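Protein chains in written order, with the numbering used here: chain A, 931 to 1213; chain B, 2 to 344.
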C-alpha cells in the first residue's frame, strides 16, 4: 500500500548512504502475522511514536531494541491495545484491527508478558495460569453452582509447564511468591504461550534475572518459536537479542532506525545505530 | 506445601526441603493454611480457661459464647470480603442498624406486612453497600475514607428516621423475631440466628474458594494491577464485594432483632472495631489477598471466648480488653512474618 513515504523516514539527517537491509522493504500485510503502518502517538508535545512501521512474520523471533525513551514500550503498548495510537494502522493476519484495550488484543490471540509479570503472588501457579479465564466444571456443578474445574486447570497448568521444558517447578499448588524470579517469569511466559494463538510479546523478560535464569528464559523463547508462535522480544540486552532473534527492529527517538539481523550486523553496530552514532550501514 | 507425594522430588527440591529449619517449616505451614494459627489460639485458650474454671466447658457457657459471637461473626463475613480486597469497612454497624430500623419501623409504625418490611430492610442494607462500592470504584475514594463518611451519614439517618426511639419486643411481628427462636441441639441451646450465620459463612466460604468470582476477589486484593492486566474487571469485582457485604449486613439486621428482641438505634455500637478484630485475629491480611471466612469465624469465637473465659477466671474487665489488644498485635505481626515467606 504505502511504500514511498517510509523510505524518507529511514534516512537520518546526516544523509549517509544506507547499507544493506535498509530501507526495509515493507511486506504486504497479508504475508505477515502483524503489520503496523505509520503509527503515531503523541503525549502533549512529546512525540512517543513518530510514524513507526513494523512487520512480524510467521514463526520468527523479532527483537525490538532501543535506548531508554526510544519508544519501545509505547510501540508495544500501541500494538497490544494498552495505548490507542493517534493515527496509523495495525493489521493482524492481513486484517486491520483497532484494539481499544489489552483485552481486545488478548481476545485476538495476542499475549503479553509484562515486566511486572502480572501475577498474583499469593495465588498458586495453576490459579495464576488461568487467572481471568477460569474454567468451570461440567454439568450443574459448573453451570448452577459456578464451581471452577480446579483439578483440570491444575493438570493443564502442569502440562503447559512441561511442554515448555520447565522442570524446576512441579507442584502447581505452590504460591507464586514462594518461587524464584526465574520461576515466576517461567509461569508468566508459560501462561502467555498457552493462550496465545497469534504471537507472544515479552517485555524485558531477562532484566531482573541472573545468568542461569536468563539462559532458561532464552530457552523458553526458543521453545515458543518451536511451537510455531512468533515472538516479539523487547530487550536492552544485546547478547540475548543476538542469541535468539531472527530480526532486530531498532527503535530510535520515537521512530525506527531500521531493521537488521544478527547475521547482517554485529552487536556493536546495533548499539551504534540505536544510539545514533551511525545510521544503518553494512556490517 | 513442600511435601508432594505425587511427583518424586527433584534433587533441587530435596535440597530445598532439607535446608528448612523448624521455624521455616512453621512459616510455610502457616503460609499455606492461614486459619491454622487462630485455630490453635482458640483450642489452647479454651483448654486454659477450662482448667482455670471448669464452668467454661459447660454446654450452657459454650452456648452463650456461640450466641454472643453470632452477630459479630455474621457482620465479619462481610468485613472479610472487603478486607480481602485490601479495603476496610467502617460503616458495618451503621448499615446493619439502619437496615434493622427500616425493617422494624416499616412493619410496626407503617403497617407494612412483615415479610415485605424484612425484604425492604435487607434491600436497603444492600443499597448502602452499593453506595460504598460506588464511592470506592467510581469516585476512587480510599475505602477507609469512603466508609468513614458513610458511617456518619448512615448513623445520622438512622437516628433521624427512628427519632432515637427503640421498638420493643412486644410490638415486633413474629417474623422479625424469628432468628431468636431457640433450637436445642443436644445439651447446647442455639438459635435460628446461629444456624443462619453458619449457613451464611458456608455459602460465602464456598463462593470464595470454588468460584472464579472468589478467585478474582483474592487477586484484586493481592495485586490490583496484575488483576487488571490479566483482564479481570477490577471495578466490577470491588463493586460486587461492597454490595454483597451490604446484603450480608442487611440480613444480619434480621438476626440482630432476633438476638436483642428489640430494634434500638444504639445497638452494636462497637461492631466496626469488633468485626475488624475478628477478621485480623482470624488471619486475614489487612493488606488484602490472603485469609478467609473460616479464620474470621475462629477469630470472632476467640474474642468472645476471651470475654467469657477471662470473666469466669475472675480477671478484671480492663485486662480482658488488654488481652484482645495483645492478640490483635500478635496476629498482625504473624501476618507480616508469613508474608515474607521464601521458597
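Yeah, the Cβ is synthetic: ideal placement off N, Cα and C, and Gly gets one too.
Keep in mind it's a predicted model, so treat the numbers as computed, not measured.
Identity of the residues DSSP links to residue i by a beta bridge
i	result
residue 1186 (chain A)	A:1181
residue 996 (chain A)	A:1181
residue 971 (chain A)	A:979
residue 1161 (chain A)	A:991 and A:1130
residue 1017 (chain A)	A:970
residue 1105 (chain A)	A:1054
residue 168 (chain B)	B:264
residue 965 (chain A)	A:985 and A:1021
residue 1066 (chain A)	A:1078
residue 190 (chain B)	B:185
Per-residue DSSP class, three states only, for residue i
i	result
residue 1155 (chain A)	helix
residue 943 (chain A)	Only weak support is given to the placement of residue 943 (chain A): the predicted model assigns it a pLDDT of 41, under 50, and the question is left unresolved by the model.
residue 328 (chain B)	helix
residue 1 (chain B)	For residue 1 (chain B) there is no data in the structure shown, the boundaries of chain B being 2 and 344.
residue 336 (chain B)	helix
residue 1022 (chain A)	strand
residue 321 (chain B)	helix
residue 34 (chain B)	coil
residue 1089 (chain A)	helix
residue 39 (chain B)	helix
residue 270 (chain B)	coil
residue 288 (chain B)	coil
residue 954 (chain A)	Because residue 954 (chain A) sits at a pLDDT of 49, beneath the cut-off of 50, its placement in the model cannot be relied upon, and the following sentence gives the value as read from the coordinates. Three-state DSSP puts residue 954 (chain A) in coil, outside helix and strand.
residue 27 (chain B)	helix
residue 1206 (chain A)	coil
residue 216 (chain B)	helix
residue 140 (chain B)	coil
residue 237 (chain B)	helix
residue 223 (chain B)	helix
residue 1142 (chain A)	helix
residue 1199 (chain A)	helix
residue 1194 (chain A)	coil
residue 341 (chain B)	coil
Endpoints, beta strand (DSSP E) assigned at residue i
i	result
residue 978 (chain A)	976-986
residue 1026 (chain A)	1025-1027
residue 89 (chain B)	Counting along the chain, residue 89 (chain B) falls outside any beta strand (DSSP E), and DSSP gives it neither H nor E.
residue 1043 (chain A)	1040-1043
residue 183 (chain B)	183-186
Pair within 7 Å by beta-carbon distance, residue i and residue j
i	j	result
residue 1040 (chain A)	residue 1157 (chain A)	no
residue 253 (chain B)	residue 76 (chain B)	yes
residue 246 (chain B)	residue 130 (chain B)	yes
residue 324 (chain B)	residue 53 (chain B)	no
residue 1087 (chain A)	residue 1056 (chain A)	yes
residue 1178 (chain A)	residue 1164 (chain A)	no
residue 177 (chain B)	residue 249 (chain B)	no
residue 299 (chain B)	residue 40 (chain B)	yes
residue 962 (chain A)	residue 985 (chain A)	yes
residue 956 (chain A)	residue 983 (chain A)	yes
residue 198 (chain B)	residue 179 (chain B)	no
residue 110 (chain B)	residue 243 (chain B)	no
residue 288 (chain B)	residue 87 (chain B)	yes
residue 282 (chain B)	residue 303 (chain B)	yes
residue 264 (chain B)	residue 168 (chain B)	yes
residue 220 (chain B)	residue 1050 (chain A)	yes
Start and end residues, alpha helix (DSSP H) containing residue i
i	result
residue 1007 (chain A)	1002-1009
residue 211 (chain B)	193-211
residue 1055 (chain A)	1055-1059
residue 1036 (chain A)	1032-1037
residue 1119 (chain A)	1111-1125
residue 298 (chain B)	294-313
Where residue i meets chain C, residues with beta-carbon distance less than 7 Å
i	result
residue 224 (chain B)	The structure shown contains no chain C; its protein chains are A and B.
> Between the segment 127-140 of chain B and chain A, which residues of the former have a C-beta closer than 7 Å to a C-beta of the latter?
Replying inline: Per Cβ criterion, the list is empty.
> When you check each C-beta in the segment 1047-1063 of chain A against every C-beta of chain B, which residues fall closer than 7 Å?
Replying inline: Under the 7 Å Cβ criterion, the segment 1047-1063 of chain A contributes 1048, 1049, 1050, 1051, 1052, 1053, 1057, 1061 and 1062.
> What residues in the segment 1064-1093 of chain A have a beta carbon less than 7 Å from any beta carbon of chain B?
Replying inline: Contact residues of the segment 1064-1093 of chain A toward chain B are 1064, 1076, 1077 and 1078 (C-beta to C-beta distance below 7 Å).
> Quick one, which residues of the segment 278-300 of chain B are near chain A if we go by CB-CB under 7 Å, in chain order?
Replying inline: Within the segment 278-300 of chain B, the qualifying residues are 290 and 291.
>> Short of 8 Å Cβ to Cβ, which residues in the segment 210-221 of chain B face chain A?
In response: Within the segment 210-221 of chain B, the residues whose Cβ lies closer than 8 Å to some Cβ of chain A are 211, 212, 213, 214, 216, 217, 219 and 220, listed in chain order.
> Got a sec: which bits of the segment 1104-1133 of chain A sit with their beta carbon under 9 Å from any beta carbon on chain B, in order along the chain?
Replying inline: Flagged, chain order: 1104, 1105, 1107, 1108, 1109, 1110, 1113 and 1121.
>> Taking beta-carbon pairs under 8 Å, can you tell me which members of the segment 1016-1036 of chain A lie near chain B?
In response: Of all residues in the segment 1016-1036 of chain A, 1032, 1033 and 1036 have a Cβ within less than 8 Å of some Cβ in chain B.
> the segment 182-211 of chain B: which residues have C-beta closer than 7 Å to a C-beta of chain A, in chain order?
Replying inline: Against chain A - using a Cβ distance shorter than 7 Å - the residues of the segment 182-211 of chain B are 211.
>> By the 7 Å beta-carbon criterion, what residues does the segment 232-251 of chain B contribute toward chain A?
In response: Of all residues in the segment 232-251 of chain B, 232 and 233 have a Cβ within less than 7 Å of some Cβ in chain A.
> For the segment 33-46 of chain B, which residues have a beta carbon sitting closer than 7 Å to at least one beta carbon of chain A?
Replying inline: Correct list: empty, as no residue qualifies.
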